[in-house]
Every structure is written in C-alpha cells, then in structure tokens.
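Just below is one structure, and these are the notes that go with it.
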Amino acid sequence: MPPFAPTILATAEPAIPAARAWAARYQGQHGPALDLTQAVPGYPPHPELLARLAEAAGSRAGAGYGPIAGDPALREALAGDVSLFYGAAVTGAQVSITAGCNLAFAMAMKTIASPGDNLLVPTPWYFNHQMALSLSGIEARPLPCRAEDRFVPDPGRAAALIDDRTRAILLVTPNNPTGAVYPPEVIQAFAEMARRRGIWLILDETYRDFLTEAQSPPHRLFRDPDWKDVLVHLYSFSKAYCIPGHRLGAVVAGEAFQAQLAKAIDTLQICPARAGQQAVTWAIDALRDWRAGNRAIMAKRAAACRAALDAGWIDAMGSYFAYLRLPEGAPDALKAAEFLAAEQGLLCLPGPFFGPGQERHLRLAFANAEAERLAELPQRLAGLTG
409 MPPFAPTILA
419 TAEPAIPAAR
429 AWAARYQGQH
439 GPALDLTQAV
449 PGYPPHPELL
459 ARLAEAAGSR
469 AGAGYGPIAG
479 DPALREALAG
489 DVSLFYGAAV
499 TGAQVSITAG
509 CNLAFAMAMK
519 TIASPGDNLL
529 VPTPWYFNHQ
539 MALSLSGIEA
549 RPLPCRAEDR
559 FVPDPGRAAA
569 LIDDRTRAIL
579 LVTPNNPTGA
589 VYPPEVIQAF
599 AEMARRRGIW
609 LILDETYRDF
619 LTEAQSPPHR
629 LFRDPDWKDV
639 LVHLYSFSKA
649 YCIPGHRLGA
659 VVAGEAFQAQ
669 LAKAIDTLQI
679 CPARAGQQAV
689 TWAIDALRDW
699 RAGNRAIMAK
709 RAAACRAALD
719 AGWIDAMGSY
729 FAYLRLPEGA
739 PDALKAAEFL
749 AAEQGLLCLP
759 GPFFGPGQER
769 HLRLAFANAE
779 AERLAELPQR
789 LAGLTG
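Now the structure itself:
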C-alpha cells in the first residue's frame, strides 16, 4: 500500500466515535444511556427558523454558488449583532461566513501559519483545534492552565513560550472543555502582548450566547481602534441557533486579514450552504428574545448538574460543560470513561482527549440533557468509587 501523509498519521483519531464505541457494549442495566459527549444543543431550533430553512433549501437561489465571503446580508446582520453586543462599530466587510466554526479556525490558520510554525494553545484544549493544527503541520504549543487558577490562562506564562515561529495565541472563552470564562482584563492582556510581539490573537467565543453580561462582561477589544491589527474573532451559529447540521460559522477580522482569508476559502471551495445563510440572516434579529430564553434553559441545566454532583467532583464549570476531577481510588480518565460508557450508560469524554496532563479529568457536556436526566449523575458515577 502506498504511504499516507505523515500529518494525517500524526493526527489523533476523532474523539466522539471512540466514546460511542465504548457505549455500544452497554446493556441498559441503569436505564437509557445518558450521552454527554458532544456539545450539541439539547433543544430544537425555533419552528419558524426550521420553516425558513426548508423554504430556502427548496429555492433555486439556495442551490446556487454564493459569494466567497458569504451572503452580504448575513455578513451585515452578524456585524450588527457583534457591534451591539460589544458596543463597537464592526462592518460587514470585516466578516466572512464559513462552513462551521471549526472551518473558521482551520481557514484562519491557513491564512497566518505554515508547516513548522506554532500556535500557543491553553490546555486542556479543544481537540479539534489541535487536530486541525496537526493536519496542517503546525505545532499546538501547550500553555498549561491550572485548576487553582480556575483554568484561566496566565499571560506571563504565555510570554515565556513565544518564539520566532509563534504566529498566534488561541483563547477559547467560555472554554471547551472546562467551561472557564476568561475575565475581560485577561483577554485584554493577551491582546496587548500579541500586539507587542507581532502575532495574532485568535479569540473563539462559540459559547458566548449562553452567558449573561453579569457572568461574562463583554471585552472591549472591538472598541480599540487598532483591533484589526491583532484580533481574529471566531463565532458559531450552530450552538446559538441549534443548527449544527448546517455548518455555519464566522470569522470577524480586519479587511486585510479578510482579503487573505478569501484566498484560502476560494482555493478549497469550502463555502457554507446558502439556505442556512438565508434563514439565519432573518434569525439574528428576529430570534434575539428566543436566544435569551435559551440562556435561561442552560442556566437551569447548569444548576441541575451542580446540584447532582458532589462539589468535590467539579474542578470547573461554565455555560456548556462541567470538568470533573476523578476522586482518589477511581481509575485514570481513559479507563473511567470506558467503564462509565460500557457499564453505567454515561457517555462522557476523558481528559487525555483534551491534551497533556489531564489524566484525572472527565468532561460532561451537560447542556445536552434536560435537568431531570442530570439528576441521574450520582447513580451513574457511583460505580467508579465502589
């Protein structure tokens, strides 16, 4: 057999199928399986959004090619939403629509980094970010975050890791997998360091819509007149509008960055479906109150998850995820996750999927489940400790 590319061989296997393979052995002895692996909305899309998606998918216009950077109406609508949220002035020319937020990240990396370069990534990290970098021959340089710091990265530690091959710093807030929310002053400190060192700050805020302003005051990066020289902002429509199957994400950055990003998108012809773009353009303003209602749903689920778990389990928790520390006497995370899936019917992801030094942690995507089902957690987890 001819050889495969070293970059694909060095890329980890997808995490979700591995966990679900363990669950295939579950015999139902504790009731229906409770799947808390994947970050997917645990409630349906708005019915009017579904109707508009169906109408757009059945239209001739929805079947044709669209502009490389995305439909202008959606770009303007998202720019308005970003401007409103951050109290800034962002324009449609500073927005590109991508086929999901993972592709937004991958295309941003194609724009700024080459094989052999590195990107500072706080650990524990979102595995798809590391996999995308590995696939492109780019080093994901770990920036360890500590539970005692609430898993918030330290700019001082980051500064010591930057070298002449560092092209960017990546921040994900609210974080996947820990749920940690980075304070605005920490984000600002990273932006200032990136500007001083001549590198980019990649800021992924996929889960921002599930926090209130009191929980996560908006950072002020977009109000800095020079933000376009340092910031690349990533956003996902999938979670906020419950449409992950339509793969819609966005990159918000300066016009110079957008011009280079367009080359990557056009070269690979990875453009999002127009039907999804057309429907979400309507939804951004029309479903603002509905999105606020979803925040309340998520807050209820977070409260139910916290109430179900002994406080000693929880190392961090946020808008979508609980990051659990395994107690003394429990097996390591890989063995624990396999046991929970195969014997207890609880599907979660082990810490080693999220980078080095995570052998005693599990991630629960509690947002997937209704509050009533989260009450099952103590029974499911009890098997780990006897």
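According to our numbering, the sequence shown is numbered sequentially starting from 409. Beta carbons are placed, not taken as given, at the ideal position from N, Cα and C, and that holds for glycine.
**Report entry** L457 vs V640 beta-carbon contact at 9 Å
**Finding:** no
Note to self: Suppose you measure from the CA of A681 to the CA of A477; what does that come to, to the nearest Å?
What the structure shows: 12 Å
From Q435, L789, L782 and A423, residue whose alpha carbon lies closest to that of F762 = A423
- Start-end ranges of the beta strand (DSSP E) lying completely within the region 492–525, minimum 3 residues: 503–506
One or two residues paired with D443 in a DSSP bridge: L755
**Study point:** Residue interval of the alpha helix (DSSP H) (run including Y833)
**Key:** A question about residue 833 goes unanswered here, because the residues of the chain that appear run from 409 up to 794.
*To the nearest angstrom, how far is it from the Cα of L486 to the Cα of D637?*
20 Å
task = Please state if the CB of A447 and the CB of A779 are separated by a distance shorter than 9 Å.
result = no
Taking the alpha carbon of R605 as the reference point, which residue from R733, L541 and A568 has its own alpha carbon closest? A568
Burial state of M409 (16 or more Cβ within 10 Å): exposed
Practice prompt. Only counting runs of 3 or more residues, tell me where the beta strand (DSSP E) segments fall wholly within the region 568–634, in order along the chain.
Written response: DSSP runs (the beta strand (DSSP E)) wholly in the region 568–634: 574–580 and 608–612.
Worksheet item: I624: which of E613, Y473, D632 and R631 sits nearest, CA to CA?
Response: The residue asked about is misnamed: residue 624 is Ser in this sequence, not Ile. Taking only the C-alpha atoms, the option nearest S624 is E613.
_Among E751, F559 and H627, whose alpha-carbon lies nearest the alpha-carbon of D723?_
F559
key: Residues of its chain near P735, where Cβ-Cβ distance is below 8 Å and the 5 sequence neighbours each way are ignored   = G720, W721, L792 and T793
### Query
With DSSP run on the structure shown, which of helix, strand or coil describes G653?
helix
Quick check on L541: buried or exposed, where buried means 16 or more other Cβ atoms within 10 Å of its Cβ?
buried
Distance, A648 Cα to R699 Cα: 7 Å
- Message: Give me the DSSP bridge partner(s) of T793.
- Response: Answer is none; T793 lacks a bridge partner.
Our contact map puts L619 next to F598 with C-beta atoms below 8 Å; I'd like the distance itself, whole angstroms only.
Rounded, the Cβ-Cβ distance is 19 Å, inconsistent with contact.
G753, buried or exposed, once every other Cβ within 10 Å from all chains shown has been counted against 16: Result: buried.
Could you please give me the residues that DSSP links to Y643 through a beta bridge?
Answer is A658, bridged to Y643.
I need the straight-line Cα distance from A602 to A512, nearest angstrom please. 20 Å
By Cβ distance below 7 Å, which residues in the same chain neighbour L543 in space, the five residues on each side in sequence not counted? T415, I416 and T419
Measuring from the CB of I416, is there a heavy atom of the ligand FAD at a distance below 8 Å?
-> For the ligand FAD, the structure offers nothing, since it holds no ligand at all.
Practice task
Taking D723 as part of the beta strand (DSSP E), name the residues at either end of that continuous run.
Solution key: I722 to M725
Can you give the beta carbon distance from C713 to L782, rounded, assuming they're within the 8 Å contact cut?
With 8 Å as the limit, C713 and L782 qualify as a contact, their Cβ atoms being about 5 Å apart.
From A716, L770 and L755, pick the residue whose C-alpha is nearest to that of P786; which is it? Checking every option, the nearest Cα to that of P786 belongs to A716.
Buried versus exposed call for S504 [16 or more other C-beta atoms within 10 Å across all chains shown] = Result: buried.
| task | Output the boundary residues of the beta strand (DSSP E) element that contains A432. | result | Where A432 is concerned, there is no enclosing beta strand (DSSP E), given that its DSSP letter is neither H nor E.
*With N510 and N526 assumed to form a contact (beta carbons below 8 Å), what rounded beta-carbon distance in angstroms separates them?*
With a Cβ gap of about 20 Å, N510 and N526 do not count as contacting.
Taking a contact to mean a Cβ-Cβ separation below 9 Å, would you say M797 touches L669 in this structure?
For residue 797 there is no data in the structure shown, the boundaries of the chain being 409 and 794.
**Study point:** F665 burial status per 10 Å Cβ neighbour count (16 or more: buried)
**Key:** Here F665 is buried, its C-beta having at least 16 other C-beta atoms within 10 Å.
Here's the rule: buried if 16 or more other CB atoms are within 10 angstroms of the residue's CB, otherwise exposed. What is L676? exposed
Can you tell me which residues form a DSSP beta bridge with Q437? G439
Count the other CB atoms, across all protein chains shown, that sit within 10 Å of the CB of A777; report buried if there are 16 or more and exposed otherwise. buried
request  = May I ask you to report which of helix, strand or coil DSSP gives H769?
outcome  = strand
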